[in-house]
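Enquirer: I'd like to ask you about the structure that follows.
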Amino acid sequence: MQETGENNGIIDVNRSGISGGSTAPPNTTRAPNRPPSAQNVSIRRSLPALILFKLIAIFTIFLRIFLYPLRKLSYIFFPPKELDGYSNATVADLAAAKFVHHFQSRYLSTLLPPSSPSDADSNTNSQSCPFVTKGYNSTITSVLSSPPSTTPLLLIYLHSPLHRDVDNFCQKTLCNHRVLAYLNGENYVSCLAESVHSAEGSYLSTFLGVCSYPFVALLSVKSRSSSSSNANPPNVNNATMELLLRMEGEALTKLRPEQFVAYIGTTVRRHKDALEEVERRRLQREEEARLRCVNFRRFPIELCDEVVMFYSLPFGTFLQKTSPSHSFSFAI
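Rendered as structure tokens:
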């Protein structure tokens, strides 16, 4: 009983926060209870807002039920047009094909053949339409499906039929023999044209932040994933885009065809140089890995006191001498 009393005394001392052998009566002072008036006031204030929220939700449900037949009737009496809906790949391809047909019949049909062979590389390239007959999503998928070393740039032309400068730009610039020959003969450029009166053209106008027409943009399209597979084929959702060149409005209409080709050609050359650099580094890494494998098979590390490797690479030679074999390790 005495030991129990001592233990109880220690417990009481620790609880009271006193570091001595004596005990002190526990503090029985209690915090005064808060009046419930503040809590009641907050509940009273939130109650009207809650009732209003419920009434709005109920009214919205009844409104949707009431307007549902009218929505169905509107689809019957006013069916959507054939070019409405940019998310539909079939509709987007149809819109692109219709614009190509419009471009050929309105501008290319009246185009005269080149006066001299120096104006164009061939009559076919200098008189055919450079734009693809596929929509935006299909064109992006086609670009991403190209080999990494030959991925083309995406040239987008947005056509506004009601703009006063568009006809002049199409006739004097886009239908110029040198421009047509370059766009048709350049494998590193994929050309897409859309009318802003179509759903996809309106979407691209908003997406690119177009302020004036005519509008031409040159984009670099890359896949987010390092390598594409059959399980995850390339698509627009997997693509990242970089705007390399942007020309629009009055500044674009004042450019001569030679200047227009020069701007695009300079951007394409930089793109080619970047692709060649990426391909060179990839081949360099593959060659280094192959040579490491060959040297590892010829000279086992456990049989050598010292390892010396000589690399003969396409861009030069490289000599590496290592420490004794017990401190050497390969990274393949």
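Using our numbering, the first residue of the sequence shown is number 821, and each one after it goes up by one. Even glycine gets a Cβ: it sits at the ideal position worked out from N, Cα and C. All values reported here derive from a predicted model rather than from experimental measurement.
May I have the straight-line CA-CA distance separating Gly1167 from Arg1105, to the nearest angstrom?
Expert: The chain is shown only over 821 to 1152; residue 1167 falls outside these bounds and no answer can be derived.
Enquirer: From what residue to what residue does the beta strand (DSSP E) around Ser1010 run?
Expert: Taking the sequence shown and counting its residues from 1, the one referred to as residue 1010 is at position 190. Ser1010 -> beta strand (DSSP E) spans 1009-1015.
Enquirer: Mind checking Pro967: buried by the 16 CB within 10 Å criterion, or exposed?
Expert: As a working note, residue 967 is residue 147 in the sequence shown. Pro967 should be labelled exposed.
Enquirer: Anyone know if the C-beta pair for Pro1054 and His997 falls short of 7 Å?
Expert: Along the sequence shown, one-based indexing puts residue 1054 at 234. Along the sequence shown, one-based indexing puts residue 997 at 177. No, the Cβ-Cβ distance between Pro1054 and His997 is not below 7 Å.
Enquirer: CA-CA distance, Asn1041 and Pro981?
Expert: Against the sequence shown, residue 1041 aligns to sequence position 221. Against the sequence shown, residue 981 aligns to sequence position 161. It is worth fixing the name first, because residue 1041 is Val in this sequence and not Asn. When rounded, the distance between both Cα atoms is 28 Å.
Enquirer: Per DSSP, what kind of secondary structure is Ser1043 in: helix, strand or coil?
Expert: Mapped onto the sequence shown, residue 1043 falls at position 223. Correct three-state label for Ser1043: strand.
Enquirer: Is it the case that the Cβ atoms of Leu975 and Leu1038 are separated by a distance below 7 Å?
Expert: Taking the first residue of the sequence shown as position 1, residue 975 is located at position 155. Taking the first residue of the sequence shown as position 1, residue 1038 is located at position 218. Yes, the Cβ-Cβ distance between Leu975 and Leu1038 is below 7 Å.
Enquirer: Assuming Tyr1033 and Glu1068 make a contact with CB atoms under 8 Å, what is their CB distance in whole Å?
Expert: Here residue 1033 corresponds to residue number 213 of the sequence shown, with the count starting at 1. Here residue 1068 corresponds to residue number 248 of the sequence shown, with the count starting at 1. Correct: roughly 7 Å between the Cβ atoms.
Enquirer: I think Asp913 touches Lys954, with their Cβ atoms under 8 Å apart; what is that distance to the nearest whole Å?
Expert: If you number the sequence shown from 1, residue 913 lands on position 93. If you number the sequence shown from 1, residue 954 lands on position 134. About 5 Å separates the two Cβ atoms, so the contact holds.
Enquirer: Work out the CA separation of Ile885 and Phe1027 for me, nearest whole Å.
Expert: What you label residue 1027 is simply residue 207 of the sequence shown in a count that begins at 1. What you label residue 885 is simply residue 65 of the sequence shown in a count that begins at 1. Phe1027 and Ile885: Cα-Cα distance of roughly 34 Å.
Enquirer: Any chance the CB of Thr1026 is under 6 Å from a heavy atom of the ligand MG?
Expert: With respect to the ligand MG, the structure shown offers nothing to examine, as it has no ligands at all.
Enquirer: Once the 5 residues before and after Glu1020 are set aside, which same chain residues still bring their CB inside 7 Å of it?
Expert: For the purposes of this step, residue 1020 is taken as residue 200 along the sequence shown, with counting starting at 1. Tyr906, Ala912, Ala915, Gly955, Tyr956, Glu1014.
Enquirer: For Thr961, which option in Cys995, Leu932, Ala909, Pro868 has the closest C-alpha, if you only look at C-alpha atoms?
Expert: Locating residue 961 in the sequence shown gives position 141, where the first residue counts as 1. Selected option, being the one with the closest Cα: Ala909.
Enquirer: For Thr1060 and His1017, I'd like the C-alpha separation in whole angstroms.
Expert: Taking the first residue of the sequence shown as position 1, residue 1060 is located at position 240. Taking the first residue of the sequence shown as position 1, residue 1017 is located at position 197. If you take the alpha carbons of Thr1060 and His1017, they lie about 26 Å apart.
Enquirer: Exposed or buried, what is Leu1002 when buried is set at 16 or more other beta-carbons lying within 10 Å of its beta-carbon?
Expert: Position 182 of the sequence shown holds residue 1002. The identity of residue 1002 in the sequence shown is Tyr, whereas the question assumes Leu. It counts as buried.
Enquirer: Measuring CB to CB, does Cys1011 end up less than 7 Å from Tyr927?
Expert: Sequence index remark: in the sequence shown, residue 1011 carries index 191 (1-based). Sequence index remark: in the sequence shown, residue 927 carries index 107 (1-based). Cβ atoms of Cys1011 and Tyr927: not closer than 7 Å.
Enquirer: Are Thr1087 and Leu1063 touching if we call contact CB-CB under 7 Å?
Expert: Taking the first residue of the sequence shown as 1, we reach residue 1087 at position 267. Taking the first residue of the sequence shown as 1, we reach residue 1063 at position 243. No, the Cβ-Cβ distance between Thr1087 and Leu1063 is not below 7 Å.
Enquirer: Please confirm whether Cys949 and Phe923 have their CB atoms less than 7 Å apart.
Expert: Within the sequence shown, residue 949 is the residue found at index 129, counting from 1. Within the sequence shown, residue 923 is the residue found at index 103, counting from 1. Contact: yes.
Enquirer: Any idea if Thr971 is buried or exposed, counting beta-carbon neighbours within 10 angstroms, 16 or more meaning buried?
Expert: The count along the sequence shown starts at 1 and reaches residue 971 at position 151. Buried.
Enquirer: Name the two residues that bound the continuous beta strand (DSSP E) containing Leu1063.
Expert: Residue numbering aside, residue 1063 sits at position 243 when the sequence shown is read from its first letter. 1059-1068 is the extent of the beta strand (DSSP E) around Leu1063.
Enquirer: For Phe898, which three-state DSSP category applies?
Expert: What you label residue 898 is simply residue 78 of the sequence shown in a count that begins at 1. Coil at Phe898, not helix or strand.
Enquirer: Suppose the cutoff is 6 Å on Cβ atoms and the five residues either side in sequence are ignored; what does the same chain contact list for Val1036 look like?
Expert: Along the sequence shown, one-based indexing puts residue 1036 at 216. Around Val1036: Tyr977, Met1067.
Enquirer: Among the candidates Ile876, Val999, Phe898, whose CA atom is the shortest distance from the CA of Glu1078?
Expert: Within the sequence shown, the letter at position 258 stands for residue 1078. Here the closest residue by C-alpha is Val999.
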